[in-house]
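Colleague:
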Amino acid sequence: MAGHAADHTPAGDTAAAAGPGTVSGWAVRQPGPISSGPLVPVRRPAPEPGPDDLLLRVEACGVCRTDLHLAEGDLAPHRPATVPGHEIVGRVVAAGDTVTRFRVGDRAGGAWLRGTCGDCRYCRAGRENLCPASRYTGWDADGGFAGAALVPADYAYPLPDDQRATELAPLLCAGIIGYRALRRSALPPGGRLGIYGFGASAHLAAQIALSEGARVHVLTRSAQARELAVALGASSAAGAYERPPEPLDSAILFAPVGDLVPVALEALDRSGTLAVAGIHLTDVPALIYERHLFYERNLRSVTSNTREDGREFLRAAARIGLQVTVSPYPLSRAPEALADLAGDRVHGAAVLVPG
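Now the structure itself:
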């Protein structure tokens with residue numbers, strides 16, 4: 050996997066420094082607009098791994114739009130003062146007594162999904178992403194905006210030692226959820242795919258689709274993102290509300306903008322499918338049946354991912370040599386990274402790096 054960093058690659062970092070037995074990072078104190086400062090620095094006792102856990106020394110943690118939704122209150126907090134971050138790359142520094150898949154010193158990844166019941170009808174059918182008892186990193190438990198994090202071993206991913214941590218981090222949510230969204234879009238072999246919004250997740254999903262022979266049309270408001278899309282091989286790149294140059298077999302909406310749902314549906318060919326990839330979406334305008342849904346057009350949501358999605362995607366990423374475009378920030382600048390994400394100023398994926 051090749052990687053590209055934006056011009057503001059970080060210098061030293063002090064936010065992750067802590068005394069013996071403590072870990073420093075950031076927590077969401079009071080959800081609200083980024084300008085209100087919802088992230089506050091925290092220093093807490095180092096977490097102790099349970100029997101099934103890994104304790105990771107964080108090497109890098111991606112900044113996902115879900116983190117922004119949690120900070121700003123679009124997603125209601127599940128617990129007070131939670132440390133966000135669920136694209137965690139780290140080294141195992143301790144493991145619980147029952148853990149056999151990882152050893153101290155291994156590189157491992159912690160992702161959004163961190164727990165399911167394993168026994169409900171969804172889990173038994175291989176659809177654990179729909180488990181009513183599912184739990185999530187950075188929402189139900191502290192995440193990776195810190196110097197260390199706990200990850201349940203059964204939900205961790207082995208990661209290669211020969212890749213930069215900053216390039217691996219976005220794969221663990223942006224990549225995985227983009228992969229699931231691509232599959233939910235029912236893209237046929239050699240099909241025509243429209244991608245609305247072109248950030249961390251979209252630029253990875255586009256490469257998977259291109260590797261499978263698709264023609265990809267990107268529609269996004271960011272001129273810089275359009276340039277990246279063309280550089281990666283997109284057949285066209287235009288404004289978010291423009292019409293693609295040909296009817297689409299499939300489309301994925303990555304931008305959390307409900308106004309784009311009818312726009313994308315109208316761009317579909319007969320029997321086409323639109324997959325909405327975000328965990329949060331602004332209100333969708335009224336749909337006109339004849340314009341947006343007739344001719345058996347399909348509208349699908351995307352909910353989290355299964356661990357098998359993650360394994361499949363990581364294998365595909367390694368096979369095709371996925372190009373990961375990242376903008377690194379020192380952990381001390383986590384609020385700035387979220388603000389840049391909110392303002393569409395991030396090139397590719399934002400990634401936090403502890404010092």
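Residue numbers for the sequence shown follow our numbering, beginning at 50 and rising by one.
The C-beta atom is built at its ideal place from N, Cα and C for all residues, glycine as well.
1) Between the C-alpha atoms of R156 and V141, what's the straight-line distance to the nearest angstrom?
2) May I have the straight-line CA-CA distance separating P98 from R176, to the nearest angstrom?
3) If distances are taken between C-alpha atoms only, which option among A399, P201, R364, P209 comes closest to P377?
4) Between which two residues does the beta strand (DSSP E) harbouring S350 extend?
5) Please give the ranges of any alpha helix (DSSP H) in the region 94-145, keeping only runs that are unbroken, at least 4 residues long and fully inside the region.
6) On the three-state DSSP scale, how would you describe A289?
7) Taking the straight line between their C-alpha atoms, what separation do you get for T374 and E276?
8) Tell me S73's beta-bridge partners as DSSP assigns them.
9) Is the Cβ-Cβ distance between D298 and P379 less than 7 Å?
10) Could you tell me which uninterrupted alpha helix (DSSP H) segments, each at least 4 residues in length, are contained entirely in the region 182-240, listed from first to last along the chain?
11) Kindly indicate which three-state DSSP category V333 falls into: helix, strand or coil?
12) Could you check if V153 is buried or exposed, using at least 16 other CB atoms within 10 Å of its CB as the buried criterion?
13) Any chance the region 324-332 sits against the region 267-274, with 3 or more Cβ pairs inside 8 Å?
14) If you draw a straight line from the alpha carbon of A125 to that of L105, how long is it in whole angstroms?
15) Which value, in whole angstroms, describes the spacing of the CA atoms of D393 and A386?
16) Can you check DSSP and say which residues form a bridge with T322?
17) Which partner residues does Y245 have in the DSSP bridge list?
18) For the pair the region 223-241 and the region 357-376, tell me if three or more CB-CB distances fall below 8 Å.
19) Let me check one thing: in DSSP terms, what residues is P379 bridge-paired to?
20) DSSP on L277, reduced to helix/strand/coil?
21) Return the residue from the list D308, H329, A300 that minimises the CA-CA distance to R319.
22) In three-state DSSP terms, what is L387?
23) Please return the same chain residues whose Cβ sits closer than 6 Å to the Cβ of N178, not counting the five positions on each side in sequence.
24) For A51, I'd like the list of residues in its chain whose CB is within less than 7 Å of its CB, leaving aside the five on either flank, ordered along the chain.
25) Helix, strand or coil: which one does DSSP assign to H53?
26) For D156, which residues does DSSP report across the bridge?
27) Please determine, among H396, V402, A391, the residue with the shortest C-alpha to C-alpha distance to S84.
28) Looking at P96: is its Cβ nearer than 7 Å to the Cβ of L253?
29) Report all residues from its chain with a CB closer than 7 Å to the CB of D123; omit the five preceding and five following residues, and keep chain order.
30) Could you give the C-beta distance for G158 and V132, rounded to a whole number, given that I count them as a contact under 8 Å?
31) What is the DSSP secondary structure of G164, reduced to helix, strand or coil?
32) Pick out whichever of L242, D189, R93, V112 has its Cα sitting closest to the Cα of V395.
33) Hey, out of A316, D389, D146, whose CA is closest to V340's CA?
34) Identify which residue in P201, Y171, E136 has its Cα closest to the Cα of T147.
35) Skipping 5 residues on each side, what residues in its chain have a beta carbon closer than 8 Å to that of D102?
Modeller: To lay it out plainly:
1) Mapped onto the sequence shown, residue 156 falls at position 107. Mapped onto the sequence shown, residue 141 falls at position 92. In a straight line, the C-alpha of R156 is about 6 Å away from that of V141.
2) In the sequence shown, the residue the question calls residue 98 occupies position 49. In the sequence shown, the residue the question calls residue 176 occupies position 127. Rounded to the nearest angstrom, the two C-alpha atoms are 28 Å apart.
3) Stepping through the sequence shown from its first residue, residue 377 is reached at position 328. That would be A399, whose Cα lies nearest to the Cα of P377.
4) One-based indexing of the sequence shown puts residue 350 at position 301. From DSSP, the beta strand (DSSP E) with S350 extends over 347-350.
5) Within the region 94-145, the complete alpha helix (DSSP H) runs of at least 4 residues are 114-121.
6) As a working note, residue 289 is residue 240 in the sequence shown. Looking at A289 - three-state DSSP - the assignment turns out to be coil, as it is neither helix nor strand.
7) By one-based count along the sequence shown, residue 374 stands at place 325. By one-based count along the sequence shown, residue 276 stands at place 227. Cα to Cα, the separation comes out at about 13 Å.
8) What you label residue 73 is simply residue 24 of the sequence shown in a count that begins at 1. Under DSSP, S73 takes part in a beta bridge, and its partners are R92.
9) The residue you call residue 298 lines up with position 249 of the sequence shown. The residue you call residue 379 lines up with position 330 of the sequence shown. No, these two residues do not count as a Cβ contact at 7 Å.
10) Taking only runs of at least 4 residues, the alpha helix (DSSP H) segments lying wholly in the region 182-240 are 214-217, 223-233.
11) Translated into positions along the sequence shown, residue 333 becomes position 284. Looking at V333 - three-state DSSP - the assignment turns out to be coil, as it is neither helix nor strand.
12) Residue numbering aside, residue 153 sits at position 104 when the sequence shown is read from its first letter. Its Cβ having fewer than 16 others within 10 Å, V153 is exposed.
13) Contact fails: fewer than three Cβ-Cβ distances are below 8 Å.
14) As a working mapping, residue 125 is identified with position 76 in the sequence shown. As a working mapping, residue 105 is identified with position 56 in the sequence shown. Distance between the alpha carbons of A125 and L105: 27 Å.
15) Residue numbering aside, residue 393 sits at position 344 when the sequence shown is read from its first letter. Residue numbering aside, residue 386 sits at position 337 when the sequence shown is read from its first letter. For the pair D393 and A386, the Cα-to-Cα distance works out to about 10 Å.
16) Position 273 of the sequence shown, counted from the start, is the residue given in the question as residue 322. Paired residue(s): S299, N347.
17) Residue mapping note: residue 245 aligns to position 196 of the sequence shown, counting from 1. Note: Y245 is bridge-paired with L268, L302 in the DSSP secondary-structure output.
18) Touching, per the Cβ criterion.
19) As a first step, residue 379 must be located in the sequence shown, where it is residue number 330. Residue pairing by DSSP puts P379 in a beta bridge opposite V402.
20) Position 228 of the sequence shown holds residue 277. Residue state, collapsed to three classes: helix.
21) Numbered from 1 along the sequence shown, position 270 holds the residue referred to as residue 319. Nearest Cα to R319 within the set D308, H329, A300: A300.
22) Looking up residue 387 in the sequence shown gives position 338. Three-state DSSP puts L387 in a helix.
23) Within the sequence shown, numbered from 1, the residue matching residue 178 stands at position 129. Result list for N178: T352, S353, N354, T355, in chain order.
24) Taking the first residue of the sequence shown as position 1, residue 51 is located at position 2. Residue placement at A51 cannot be trusted, given a pLDDT of 42 that sits under 50; the coordinates are not used to answer.
25) Along the sequence shown, one-based indexing puts residue 53 at 4. At H53 the pLDDT is 43, less than 50, meaning the model places this residue with poor confidence; the figure from the coordinates comes in the next sentence. Three-state DSSP puts H53 in a strand.
26) If you number the sequence shown from 1, residue 156 lands on position 107. Position check: residue 156 holds Arg in this sequence, whereas Asp was assumed. Its beta-bridge partners are R140.
27) Position 35 of the sequence shown holds residue 84. Nearest of H396, V402, A391 to S84, Cα basis: A391.
28) Along the sequence shown, read from residue 1 onward, the residue named residue 96 stands at position 47. Along the sequence shown, read from residue 1 onward, the residue named residue 253 stands at position 204. At the C-beta level, P96 and L253 stay beyond 7 Å of one another.
29) Mapped onto the sequence shown, residue 123 falls at position 74. Same-chain partners within the cutoff: H329.
30) Position 109 of the sequence shown, counted from the start, is the residue given in the question as residue 158. Position 83 of the sequence shown, counted from the start, is the residue given in the question as residue 132. Contact annotation, G158 with V132: C-beta distance approximately 17 Å; criterion of less than 8 Å not satisfied.
31) Here the question's residue 164 lines up with position 115 in the sequence shown. In the three-state DSSP reduction, G164 falls in the strand class (E or B).
32) Numbered from its first residue, the sequence shown carries residue 395 at position 346. Comparing Cα positions, the closest option is V112.
33) Residue numbering aside, residue 340 sits at position 291 when the sequence shown is read from its first letter. Looking at the sequence itself, residue 340 is Arg, so the reference to Val does not match. Per the Cα distances, A316.
34) Position 98 of the sequence shown, counting from 1, holds the residue named residue 147. Per the Cα distances, P201.
35) Counted from its first residue, the sequence shown places residue 102 at position 53. Closer than 8 Å at Cβ, skipping near neighbours: A144, G145, V148, L199, V200, P201, A202.
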